[in-house]
Amino acid sequence: MNRENLLPQNDIHRRIIHLDMDAFYASVETKRHPEYRKMALIVGQDPRKNNGHGVVATCNYEARKYGVHSAMAGIQAVRLVPKEKLVFVKPDFATYRAVSAKIHSFMHEITDQVESVALDEAYLDVTHNKVGQESTVQLALDLQKKIRREVGLNSSFGVSYNKFLAKMGSEYAKPFGRTVILPSEAKRFLGMQKIEKFPGIGPKTQEELHKMGVYTGADLQKVDVLVLLKKFKKMGYFLAQHARGIDLRPVITDSEVNRKSIGIERTYEPAIYSRDEALSKMRNYCNYLETKLKKRNFRATTVVLKLRDNDFVTVTKRRKLHHPSDDQLDFYDVAKDLFDSTNGFLEKGIRLLGVTATDFEKENYQPINLFDY
Ligand code: DCP
Ligand code: MG
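In my numbering, the protein residues as written are 58 to 430.
Now the structure itself:
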């Protein structure tokens, strides 16, 4: 068998934007203190006033020229930057949150398919969007311009057909970057990148890859999928996909992430008196739940059945599954048991029937079963 067949088929039909603010906290502070524009500005406690304690949350691009970066000890920044150029500003999260909310409101003018990754970073799925704009690049440019005009801050974006590439794109030309990666260019673009630039490859994996002689995306593309699978398990499988420009993860909207359950219920007029009919509806509901959960990469651990009879007597019954699942058969088994444990509903007539899957365990990666090959 062709080993490339181990990989899922690519989907190049979505239109995804990844937008990330440039030196976010630092830019907010520079806007507030224009007198610091030429300084190396660091957001964080000043270690000189704080017994040597303090960490760099972020810094402006001037400070980065000296090698300062996020998560560095403040005291090290003091060593790197000439004293007369250095300024520390205490973080003001309330303002960062407010600015972030404003930026998000602009995003939601385009689409509600917005997944926030941080205060300053989000994915937008604009395949279908509210403004009916055909050009994804134009949408991204307009958003970038609007943020600059309305809140006075710069951002970078990447446009592509999946999240991985869009994110690579927004990093690629920072600051004030605009990068578009077309399906026909993806493999070449990835080939040119150092593997350090691949989101999700941490220092340990980097080291392992270097030992295998893999330094660039092109090197990674040449490694057999099975080798990556054996060495890095699931992560290797996703590395192989990413190297080829495949990333099927959906944009998970913020409201969905916070969502506690997915359910479906319907009212019936006339009421249902037949067990078979009720079970058949439930089977359909469970099928719907499976589709919804799979799409979002969620697995539920609890199933809830809701029934209401003609006298408006309502019960909800819940039961835990033996293991987290997105399988309709698991849901149906439990829902059916719960249904059979109720009394009197069929005699009175069921006027509302619902099944809900809840208590999610979020799965980032699809379970795979390729080790048998
Ligand atoms: N942040 C933090 N601690 C870190 C990393 C980030 O507090 N270790 C905060 C400060 C940043 C914000 O999150 O302003 C956004 O993180 P980014 O990684 O996007 O960094 P910046 O926006 O500051 O810079 P860039 O221009 O590289 O995006
Ligand atoms: Mg940023």
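Ideal Cβ positions, reconstructed from N, Cα and C, are used throughout, including at glycine. Here the structure is a predicted model, which is why all the values come from computation and not from measurement.
**Prompt:** Is L239 buried or exposed, if buried means 16 or more other CB atoms sit within 10 Å of its CB?
**Reply:** Burial call: exposed.
**Those residues which DSSP pairs with K338 across a bridge** = DSSP output for K338 lists no bridge partner at all.
**Prompt:** Where do the N-terminal and C-terminal ends of the beta strand (DSSP E) with A175 fall, by residue?
**Reply:** Counted as a single uninterrupted DSSP element, the beta strand (DSSP E) harbouring A175 occupies residues 171–175.
**Item:** Segments assigned beta strand (DSSP E), at least 3 residues, entirely inside the segment 361–386
**Value:** Qualifying beta strand (DSSP E) stretches, in chain order: 371–382.
**Prompt:** According to the neighbour-count rule (16 or more other Cβ atoms, all chains shown, within 10 Å of its Cβ), is E418 buried or exposed?
**Reply:** Classification for E418: exposed.
**Message:** As a quick exercise: from D311, R301, L409, D390, pick the residue whose alpha carbon is nearest that of I329.
**Reply:** Of D311, R301, L409, D390, the smallest CA-CA separation from I329 is found for L409.
**Prompt:** Is the segment 141–159 touching the segment 190–203 in the sense that three or more CB pairs, one from each, lie closer than 8 Å?
**Reply:** Taking a cut-off of 8 Å on C-beta distances, the segment 190–203 does not touch the segment 141–159, as fewer than three cross pairs fall below it.
**Asked** Can you list, in chain order, every residue whose CB sits closer than 5 Å to a heavy atom of ligand 2?
**Response** Those satisfying the condition are, in chain order, D77, M78, F81, D177.
**Prompt:** In chain order, what residues of the same chain lie with their CB nearer than 6 Å to the CB of F221, ignoring the 5 residues before and after it?
**Reply:** Taken in chain order, the residues that qualify are H299, D304.
**Request:** Look at the alpha carbon of R306 and the alpha carbon of K291, and state the distance between them as a whole number of angstroms.
**Result:** Between the C-alpha atoms of R306 and K291 there is a straight-line separation of about 15 Å.
**Limits of the unbroken alpha helix (DSSP H) element including G215** = First-last for G215: 212–217, but that is the beta strand (DSSP E), not the alpha helix (DSSP H).
**Item:** Spatially closest choice to E178 from F81, D169, S331, by CA coordinates
**Value:** The residue with the shortest Cα to Cα distance from E178 is F81.
**Message:** Just to confirm before moving on: does the CB-CB distance between A414 and L336 stay below 8 Å?
**Reply:** Contact: no.
**DSSP state of G320 mapped onto helix, strand, coil** = Judged by DSSP in its simplified three-state form, G320 adopts strand.
**Asked** Can you give the beta carbon distance from L346 to I319, rounded, assuming they're within the 8 Å contact cut?
**Response** Between the beta-carbon of L346 and that of I319 there is about 6 Å, and that keeps the pair under the 8 Å contact cut.
**Asked** Is K187 near ligand 1, judged by its Cβ being under 7 Å from some heavy atom?
**Response** In this structure, the C-beta of K187 stays at least 7 Å away from each heavy atom of ligand 1.
**Prompt:** What three-state label does DSSP hand T262 in the structure shown?
**Reply:** Here DSSP, grouped into helix, strand and coil, assigns T262 to helix.
**Asked** Is it true that the CB of V85 sits closer than 8 Å to the CB of G101?
**Response** Contact: no.
**Extent of the continuous alpha helix (DSSP H) to which L198 belongs** = Here the alpha helix (DSSP H) through L198 covers 193–208.
**Request:** Verify the contact flag: S127, CB atom, against every heavy atom of ligand 1, threshold strictly below 7 Å.
**Result:** Result yes, Cβ under 7 Å from ligand 1.
**Residue environment, P424, which counts as buried when at least 16 other CB atoms sit within 10 Å** = Residue placement at P424 is poorly supported in this model, since its pLDDT is 39, which falls under 50; the coordinates still yield a value, given next. By the 10 Å Cβ count, P424 comes out exposed.
**Distance CB(L386)-CB(T373) smaller than 8 Å** = Between L386 and T373, the C-beta spacing is not below 8 Å.
**Asked** Among E326, E172, D276, which residue has its Cα nearest to the Cα of D182?
**Response** Among E326, E172, D276, the Cα nearest to that of D182 is on E172.
**Asked** Mind checking whether the beta-carbon of A114 lies closer than 7 Å to any heavy atom of ligand 1?
**Response** Indeed, a heavy atom of ligand 1 lies less than 7 Å from the Cβ.
**Prompt:** Heavy atom of ligand 1 less than 7 Å from the Cβ of K287, yes or no?
**Reply:** Checking the Cβ of K287 against ligand 1 gives no.
**Message:** Can you tell me whether V271 is buried or exposed? The criterion is at least 16 other CB atoms within 10 Å of its CB, across all chains shown.
**Reply:** Of the other Cβ atoms in all chains shown, 16 or more fall within 10 Å of the Cβ of V271; this residue is therefore buried.
**Message:** What I want to know is whether the C-beta of P104 ends up closer than 7 Å to one or more non-hydrogen atoms of ligand 1.
**Reply:** No, the Cβ of P104 stays beyond 7 Å of every heavy atom of ligand 1.
**Prompt:** Is the beta carbon of D300 within less than 7 Å of some heavy atom of ligand 1?
**Reply:** The sequence given here places Ala at residue 300; Asp does not occur at that position. Using a cutoff of 7 Å, the CB of A300 does not count as near ligand 1, since none of the ligand's heavy atoms is closer than that.
**Request:** Return the CA-CA distance between D276 and G248, expressed in angstroms with no decimal places.
**Result:** In a straight line, the C-alpha of D276 is about 7 Å away from that of G248.
**Asked** Just the Cα atoms here: how many angstroms apart are N426 and R340?
**Response** Its pLDDT being 39, under 50, N426 is placed unreliably in this model, and the value from its coordinates should be taken loosely. If I take the Cα positions, the gap works out to 27 Å.
**Prompt:** Do the segment 282–291 and the segment 65–72 meet, that is, are 3 or more Cβ pairs less than 8 Å apart?
**Reply:** At 8 Å Cβ cutoff, the stretches do not touch.
**Request:** Starting from L137, trace the beta strand (DSSP E) both ways and give me its first and last residue.
**Result:** The continuous stretches of beta strand (DSSP E) do not include L137, which lies in the alpha helix (DSSP H) extending over residues 131–137.
**Request:** With distances taken Cα to Cα, identify the nearest neighbour of K122 among A134, A130, S241.
**Result:** Measuring C-alpha to C-alpha distances from K122 to each of A134, A130, S241 identifies A134 as the nearest.
**Asked** Thinking C-alpha only, which one of L137, P139, Y118, A114 is nearest A128?
**Response** It is A114.
**Prompt:** Under three-state DSSP, which class holds F246?
**Reply:** DSSP places F246 in helix when its eight states are reduced to three.
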